[in-house]
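Protein chains: 2
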Amino acid sequence: MVSGDGPGAGGVDPQQLWLSSPRPRKGRKPAFSRAAITAAAVALADAEGIDAVTMRRVASQVGAGVMSLYSYAPDKETLLHLMVDHVSGELSPPAPPTGDWRADLKAIAHAQRALMLRHPWLPTALFNRRWSLGPNTLAFVEHALAALRPTALDGAAKLEVFSLITGFVARLVADEIAQAALAGSPERAAAEARYLAAVAADGHHPELAEALAAPVRPLTPDATFARLLDRMVDGLDTGP
Amino acid sequence: MVSGDGPGAGGVDPQQLWLSSPRPRKGRKPAFSRAAITAAAVALADAEGIDAVTMRRVASQVGAGVMSLYSYAPDKETLLHLMVDHVSGELSPPAPPTGDWRADLKAIAHAQRALMLRHPWLPTALFNRRWSLGPNTLAFVEHALAALRPTALDGAAKLEVFSLITGFVARLVADEIAQAALAGSPERAAAEARYLAAVAADGHHPELAEALAAPVRPLTPDATFARLLDRMVDGLDTGP
DNA sequence: CACTATTCTCGTACGCGGTACGAGATTAGG
DNA sequence: CCTAATCTCGTACCGCGTACGAGAATAGTG
């Protein structure tokens, strides 16, 4: 194993995963690298979706044998953690806190949204997995905590707020992506519209019928995001 | 096919899925039912997690051949949609709106949380998939829209709020479940704590070190949920 | 310079997943 | 009864993650 190995049963010990070993003094030299493999996996996910990230396809992208990947990550789950932390590196270094924590928080959310739009598999990956706090993720958390320093929140509450914001962004971006996908497939969009029209016409869903009858607002996703984010952040309190 | 079949390429036409066909007048009688299969899948997911829900295992639970399931759902993705709508049936009938839309919204969120705690696979299932609006889901949406009637929000904004609340609940419950799982495995919890201590000690993460150094609040998940929900709902505006 | 311990590479193989196919069973209408 | 329609399900295919272990490369040792 390139970076050591733990006996831990189920899941990977974060120390073994993120804290680099000093490189063994004997043995064959690695032909690849964790970074290269991770980057290939990210490129694959960006181009063809997260389902295209299979050990076989990643291996062929980097020119390795399939089983060679297991010298760099003990399993696929770990590779996904590496991917998440890898792209999180694009977030740093962010601007230093301005003292206006609400504005800083909004800037953080906007940066996260841009990242997730660039890597559409990220919202799902973040939601499903228990976080593995790699160096890039940690750097960003550190930044968020610094931005929240002017508040009266204690440590746990600050982390809560950060988690809440991240989840909020992930959800909105996931919706945004789904919406875009739907718009890209007129046949499916039409089927959905037909179904909703049928439901609205059945008489058992008056509220829904009314909501759908209203004219569609021609709002850009950016505006929607900014509006909801503002509401959310402005609603956050600084009390204990 | 028990309920008809569409030519739609990719994804299932909601009309074919949710609007029942009149039952064909010829041909062999179905030996199972969509409801029974769905219930079996839900029971399996509740007992052993969503990964235990495979076509083979569901089939053996209901006493059917594997391929017989495909007479009731065209693919596994659809079966998952059926599961989501199935458990959503436990939400209705909710209490009628009281006129205090904030209180109603909080009640809705609490009901959703209880449902998700009963079916821990639900948050993930909701996040990943594009919603398929089955009858039970629709009934609940209808109820939420009615609760929001006293607000000045237009139809689209009401749906937005509902989606936001649902996502919020899903995220908190997912965290809650992960936290419980971590607490149930002391070895993993200890490894995590060791790692965070090492990070805090490296000098590059002062904010994180401070946040972790603070004494842990002994709050119940229920209290945390209620507190964050209150903040969120109270922060929502009724303006356009 | 062998010799050896160590580490990485990767072909093969196993079990399990979703599901296409098609033959046989069952039903209702003519 | 015959025929067309519908449902049942055994078999089979391909792709997945990954265990295993043989072989290749490296660095220290005599």
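Same order as they appear, the protein sequences are chains A and B.
Quick note: the first sequence uses the working numbering, first residue 46, plus one each step.
Quick note: the second sequence uses the working numbering, first residue 46, plus one each step.
Ideal placement from N, C-alpha and C gives every residue a C-beta, glycine not left out.
Owing to the predicted nature of the structure, the values given are computational and were not obtained by experimental measurement.
Here Y117 of chain B really is in contact with I82 of chain B; their C-beta atoms are around 5 Å apart, less than 8 Å. Ranked by Cα distance from S78 of chain A, the options A:L124, A:R194, A:D145 are led by A:L124. At a cut-off of 9 Å between beta carbons, A236 of chain B contacts chain A. For the set B:S65, B:V186, B:E122, B:R174, the Cα lying nearest the Cα of L257 of chain A is the one of B:V186. For a Cβ distance threshold of 8 Å, residue set E255, A256, L257, A258, A259 of chain A lies close to G200 of chain B, ordered along the chain.
Per DSSP, reduced to three states, the secondary structure at F172 of chain B is helical.
Listed along chain B, the residues sitting closer than 9 Å to E187 of chain A by beta-carbon distance are H249, H250, P251, E252, L253. If one requires a minimum length of 4 residues, the alpha helix (DSSP H) runs lying completely within the region 120 to 183 of chain B are 121 to 133, 146 to 163, 167 to 173, in chain order. One alpha carbon belongs to E135 of chain A, the other to A86 of chain A, and they sit about 16 Å apart. Runs of alpha helix (DSSP H) with 4 or more residues, each lying fully within the region 183 to 257 of chain A, are found at 200 to 228, 231 to 245, listed in chain order.
Setting aside the 5 residues that flank it on each side, G110 of chain A is surrounded in the same chain by A104, each with a C-beta closer than 7 Å to its C-beta; the list follows chain order.
Contact check for L160 of chain B and L167 of chain B: beta-carbon distance about 7 Å, within the 8 Å limit, so the pair qualifies.
Contact of E221 of chain B with chain A is not assigned, every C-beta pair being separated by 9 Å or more. For R262 of chain B, the residues of chain A that pass the 7 Å Cβ criterion are A201, in the order they occur in the chain. Under the three-state reduction of DSSP output, G72 of chain B falls in the coil class, being neither helix nor strand.
In the DSSP annotation of this structure, the continuous segment of the alpha helix (DSSP H) that includes L89 of chain A starts and ends at 79 to 93.
One thing to note: R233 of chain A has its Cβ within 9 Å of the Cβ of G56 of chain B. Excluding its 5 nearest sequence neighbours in each direction, A245 of chain B has C-beta neighbours in its own chain below 8 Å: L253, A254, L257, A258, listed in chain order.
Assigned with DSSP and collapsed to three states, R262 of chain A falls in coil, not helix or strand. A:L209 is the residue among A:L264, A:S133, A:L209, A:G248 whose C-alpha sits nearest the C-alpha of R272 of chain B. At least one C-beta of chain A is nearer than 9 Å to the C-beta of A243 of chain B.
Using a Cβ distance threshold of 9 Å, V129 of chain A and R158 of chain A do not count as a contacting pair.
The alpha-carbon of L62 of chain A is positioned some 20 Å away from that of A223 of chain B.
Residues of the region 163 to 191 of chain B that bring their beta carbon within less than 7 Å of a beta carbon in chain A comprise T169, F172, N173, R175, L183, V186, E187, L190, A191, in sequence order. According to the DSSP assignment, M112 of chain B belongs to no alpha helix (DSSP H), since it is labelled neither H nor E. By the CB criterion at 9 Å, T143 of chain A and L171 of chain A fall outside the cutoff. Residues of the region 269 to 280 of chain A with a C-beta less than 9 Å from any C-beta of chain B: T269, L273, R276, M277, V278, D279, G280, listed in chain order. For D58 of chain B, the chain A residues whose Cβ falls inside 8 Å of its Cβ are A236, Y240, in order along the chain. A straight line joining the alpha-carbon of A88 of chain A with that of L193 of chain B spans about 43 Å. Within chain A, the residues placing a beta-carbon under 7 Å from that of R216 of chain B are G212, ordered along the chain.
Nearest CB-CB separation between R194 of chain B and chain A: below the 9 Å threshold. For V98 of chain A, the three-state secondary structure derived from DSSP is coil.
In this structure D267 of chain A does not touch R147 of chain A by the C-beta definition: roughly 19 Å separates them, more than the 8 Å allowed. Of A:A84, A:S113, A:A152, A:A97, the smallest CA-CA separation from R73 of chain A is found for A:S113. The C-beta separation of T169 of chain A from A219 of chain A comes to about 7 Å, placing the pair in contact by the 8 Å criterion.
S66 of chain A carries a coil assignment under DSSP once its states are collapsed to helix, strand and coil.
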